[in-house]
Amino acid sequence: MSSSTSVGDLVSQPYKYGFVTDIETDKIDKGLSEDVVRLISSKKDEPQFLLDFRLRAYKQWLRMEEPDWATLGHPAIDYQEMIYYAAPRQQEKKASLDEVDPKLLETFEKLGIPLSEQKRLSNVAVDAVFDSVSIATTYREKLAEHGVIFCSISEAVKDHPDLIERYLGTVVPSNDNFFAALNSAVFSDGSFVFIPKGVACPMELSTYFRINSGDTGQFERTLIVAEEGASVSYLEGCTAPMFDTNQLHAAVVELVTLDDASIKYSTVQNWYAGDENGVGGIYNFVTKRGHCRGDRSHISWTQVETGSAITWKYPSCVLQGADSVGEFYSVALTNNLQQADTGTKMVHVGPRTRSTIVSKGISAGRSSNSYRGLVQIGPKATGARNYSQCDSMLIGDQAAANTYPYIRSQQPEASVEHEASTCRISADQLFYLQSRGIGFEEAVSMMVSGFCRDVFNQLPMEFAAEADKLLALKLEGSVG
Amino acid sequence: MVAAMSNSASNSAAVAASSWVTTFLERLPAPAGELEAVQWRGREALSRQPLPTRRQEDWRFTDLAPLTALTPALAPAGEQGSWPEPAAGAVRLWLDAPGDPLAGQSLPAGISLLGADEVQQALGHTLAACNCEQHWPVELNQASAPRVLALRVSAVVAPILELVSQAAGDGVMRPVRVLLLLEEKASLEVLQVQLGSGSSLTSLVIEAHLGRESTLRHGLLALGESPACFLGHLAVEQEPRSLLESVWASHGWALSRFEPRVVQVDGEATTSLKALQLADGQQLADTHSRVEFRGPEGQLDQLHKAIADDRGRSVFNGAVKVPRAAQRTNASQLSRNLLLSNQARIDTKPELEIVADDVRCAHGATVSRLQTDELFYLQSRGLSAAVAAGLLKRGFCEEVLRALPAAAAAWRPLQRLLGEA
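Same order as they appear, the protein sequences are chains Z and B. Heads up: the first sequence at position 262 corresponds to 262 in the working numbering, and the numbers run straight through without jumps. Heads up: the second sequence at position 341 corresponds to 341 in the working numbering, and the numbers run straight through without jumps.
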């Protein structure tokens, strides 16, 4: 038992990325009403269709109730106590990074994501979202040469309203669920990616989100469209500063793939999870869904979830096109009083659609980590296949690991396989590694890394390194 | 507008549900007999709880329409059907006999009837331990069951105890209640046969308390004919080093729902659950099991098999709870489903909740049709496609059926299940 106690000490590291950048922020009064929705829309100078979309969503939201089916416990959220719009006072567009507020750049430096570094050293275009409005977008010209559009949603609304009108809300309808409706009503900004027909995006696209203002719920909206034969890999990473009040994050991500298109969406999430008593921390209620509209299209979700007080997130794939493929690879680490209820939905509609689910949950402290998944095989999905695997690792005897896989099948010509197991870091394995001269801490880290390898292998190179760093961060420290 | 419409639809459904319960209660005779107090309680509870709805997570996949289509009334006594002779070494009790089911029968050595005081004390204890005394199907049984077969098992009982009950005819309600107390080191093998036909409703509640080192082998063969419905509930409390082997097979009911709930009160016990359910026609076969370990070193081996054919629908929900006290638990659960028709449907949902770190828990689920390579192999040996498919189906069923108590063979379960009788 002593080994698991010290493993417990290991994972109880204070949040290293906790800090507040002191920048003037343009906020509106707290509270939510139809006027606020109109104000957000007018501040962003939006066309009528978008205002209508927001208002419709707001009206639907008013009629909805916060879902309570997940095994999550949190104090009631007062939606009137939140601020629904905050934009950093950075009115003019920057021609280069030199013009950006040095404090902002410093923030990114602290996060280990130096834009300038990345710009020079890696081939990654970064659309850094600081609070709600885009600050800098790089590599846009190079992408434009290939016809790729990578910009903030606000810009896309101005420059490509036809595309927004055609795709926004078609994957996650505004009345999909409580949080999606809230997001649809008040979303502030986010990213828009459009890959035209036949184009393989020449570089990996990346956005760093960051919550910075104490009472600002962040309502990001991401829309990625890959036309026939197009492909893109998109990376999303998050950190947030330490705060005492709980912050709500209700993002919506929509992916659309047409015939033969492919989208790979990777996330590393390390938001503030609250202290060891569960004070503070982000509530992360996210709706992520991909729609394989075209034949032979492909959507892959990879996520590494290590943060947030509460994670409520089910990246899903609707596999409509024949022979389309959906994938979900997830690592979720919870510690202290963190609660994660995450998983995926694979809805097989078209024939010969295939999906793979690999989920790895690590629970430590008094946290609770649930996998909740749905595999649904519709009556027309002949020859569909699904394989799901969810493994849990428990560290300490107070953490909970729950598994709730739903399987519904209406097609005899389909096959569904699900398996789940649970394990722990056992004393004899630790002893073995230590007897080979590997330090305790490193041994734990190695075993966790090994446990998660199936998922890390799916991450793009740079991200895999970051994910490894994140888990190591959670696991490093003095051994008791 | 849409919301308003669905609201009014659900309102009218709620009205229909409460009127079904009201009619059901009105048709019951006044509470009387040894279970009078229980009946009062059950009726009171039912009048407060209308039917479960699909908005409740536990009933999400279970459409109770076949049940509400029935207008069951308590049948005073049944008629014996043309049943096979009991197998050698089996003692048959006919539970719906007009008088005392034990009349003219002597119980095997090691089994005795519980006295009225003991029944009063013990009845409902295990249900409470399993947190299901207020569960709707249990209340339905409590409201209506006129008597309980309450047995104490104090030694190793050699003969198989066969309990037969039949609900035949339209509008018949057959509530069956059984209470088994197994003392330390006692052992009993029970085969329960539930038959149903016509628009009848069978409600079964079994409570069993397994003392230390005792063994209960319980087989349930539930064979119905649509539109008959079956609601069964098995609640078992296991003390350390006891063994429970429960096997159930069901087929033919318009709606069947079986709910085994097992609690290992101090761990260290062994539980084996095996099930086979077949749903064809428009049948709905549902199993909701729950196993809870309240102490260390418990073992669970669960296998649930289902075949859905035609427009049948099979539902499985298997919860396994491993709290902090249940270190070194070893639990495995497997749900295997055959989906044989385009219009059939399988819903399966294993649920694993673990708060202990030193445990081995695994679960698996598969849904598929018959394997093409297996079919091909048999055809290559000269069997026709239909014969090959039949053989594979039999093999699929046999794995569970052969675990039934030996006395089950007389009922020819395989032939009945596969409709070859």
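Cβ atoms here follow ideal geometry from the backbone N, Cα and C, with glycine treated the same way.
Handout entry: Which of helix, strand or coil DSSP assigns to Lys313/Z
Key = strand
Handout entry: Range covered by the alpha helix (DSSP H) that runs through Gln121/B
Key = Ala116 to Ala122
Practice task
Spell out a yes or no on whether the stretch 248–261 of chain Z and the stretch 138–151 of chain Z are touching, meaning 3 or more CB-CB pairs, one atom from each, closer than 8 Å.
Solution key: no
Exercise for the section: Measure the CB-CB distance between Ala90/B and Glu162/B and report whether it falls below 8 Å. Expected result: yes
Problem - Environment of Asp260/Z [buried if 16+ CB atoms lie within 10 Å] - result: buried
Handout entry: Buried/exposed call for Tyr329/Z, threshold 16 Cβ in 10 Å
Key = buried
Practice task
Let me know the secondary structure DSSP gives Met446/Z once reduced to three states.
Solution key: helix
Problem - Distance between beta carbons of Ser370/Z and His418/Z, contact taken as under 8 Å - result: Wrong, their Cβ atoms sit about 15 Å apart, outside the cutoff.
Practice task
Measure from the C-beta of Ala181/Z to each C-beta in chain B and report whether the shortest distance is under 8 Å.
Solution key: no
Handout entry: In chain order, each beta strand (DSSP E) run of at least 3 residues that lies wholly inside the stretch 245–314 of chain Z
Key = 247–249, 252–257, 262–270, 282–292, 298–305 and 310–313
Handout entry: Listed by chain order, chain Z residues near Leu340/B by CB distance under 9 Å
Key = Pro412
Handout entry: Backbone CA spacing between Ser233/Z and Val268/Z [nearest angstrom]
Key = 14 Å
Handout entry: Beta-ladder partner(s) of Met393/Z, from DSSP
Key = Ile362/Z and Cys423/Z
Handout entry: CA-to-CA distance, Ala325/B to Pro240/B, given in whole angstroms
Key = 14 Å
Problem - 8 Å Cβ cutoff met for Leu149/B and Leu95/B - result: yes
Practice task
In the DSSP assignment, find the beta strand (DSSP E) that holds Gly318/B and state where it starts and stops.
Solution key: Arg313 to Val322
Handout entry: Under the three-state DSSP convention, the category Gly196/B falls into
Key = strand
Practice task
Just grab the DSSP bridge partners of Gly373/Z for me.
Solution key: Pro405/Z
Problem - C-alpha distance - Thr257/Z paired with Gly290/Z, whole-angstrom precision - result: 8 Å
Problem - Short CB-CB distance (under 8 Å) between Asp68/Z and chain B - result: no
Exercise for the section: Could you tell me if Asn131/B is buried or exposed, where buried requires 16 or more neighbouring beta carbons within 10 angstroms of its beta carbon? Expected result: exposed
Handout entry: CA-to-CA distance, Met447/Z to Ala467/Z, given in whole angstroms
Key = 15 Å
Exercise for the section: Would you please verify whether the beta carbon of Ser144/B is less than 8 Å from any beta carbon of chain Z? Expected result: no
Practice task
Kindly indicate which three-state DSSP category Trp83/B falls into: helix, strand or coil?
Solution key: coil
Exercise for the section: Could you tell me the distance, in whole angstroms, from the CA atom of Thr422/Z to the CA atom of Asn330/B? Expected result: 11 Å
Practice task
For Ser384/B, count neighbouring C-beta atoms within 10 Å of its own C-beta (all shown protein chains included) and say buried if the count is 16 or more, exposed if not.
Solution key: exposed
Problem - Close beta carbons around Ser392/Z, own chain, < 6 Å, minus the five adjacent residues each side - result: Gly361, Ala401 and Thr422
Practice task
Compare the C-beta of Thr422/Z with all C-beta atoms of chain B and state if any pair is closer than 8 Å.
Solution key: yes
Practice task
Pick helix, strand or coil for Asp45/Z, following the three-state DSSP scheme.
Solution key: coil
Practice task
Give the DSSP bridge partners of Thr270/B, in chain order.
Solution key: Leu243/B and Gln299/B
Handout entry: Partner residues on chain Z for Thr348/B, Cβ-Cβ distance less than 7 Å
Key = Ile407
Handout entry: Cβ distance (whole Å) where Leu340/B is taken to contact Pro412/Z below 8 Å
Key = 6 Å
Handout entry: Same chain, Cβ closer than 7 Å to Leu401/B, five either side skipped, listed in chain order
Key = Ala249, Leu276, Pro413 and Leu414
Practice task
Taking Ile357/Z as the query, report the chain B residues whose CB atoms sit under 9 Å from its CB, ordered along the chain.
Solution key: Result: empty, since nearest Cβ-Cβ is about 12 Å, beyond 9 Å.
Practice task
Taking Ala285/B as part of the beta strand (DSSP E), name the residues at either end of that continuous run.
Solution key: Leu284 to Phe293
Exercise for the section: Please name the residue in Gln343/B, Val291/B and Pro227/B whose C-alpha comes closest to that of Leu64/B. Expected result: Pro227/B
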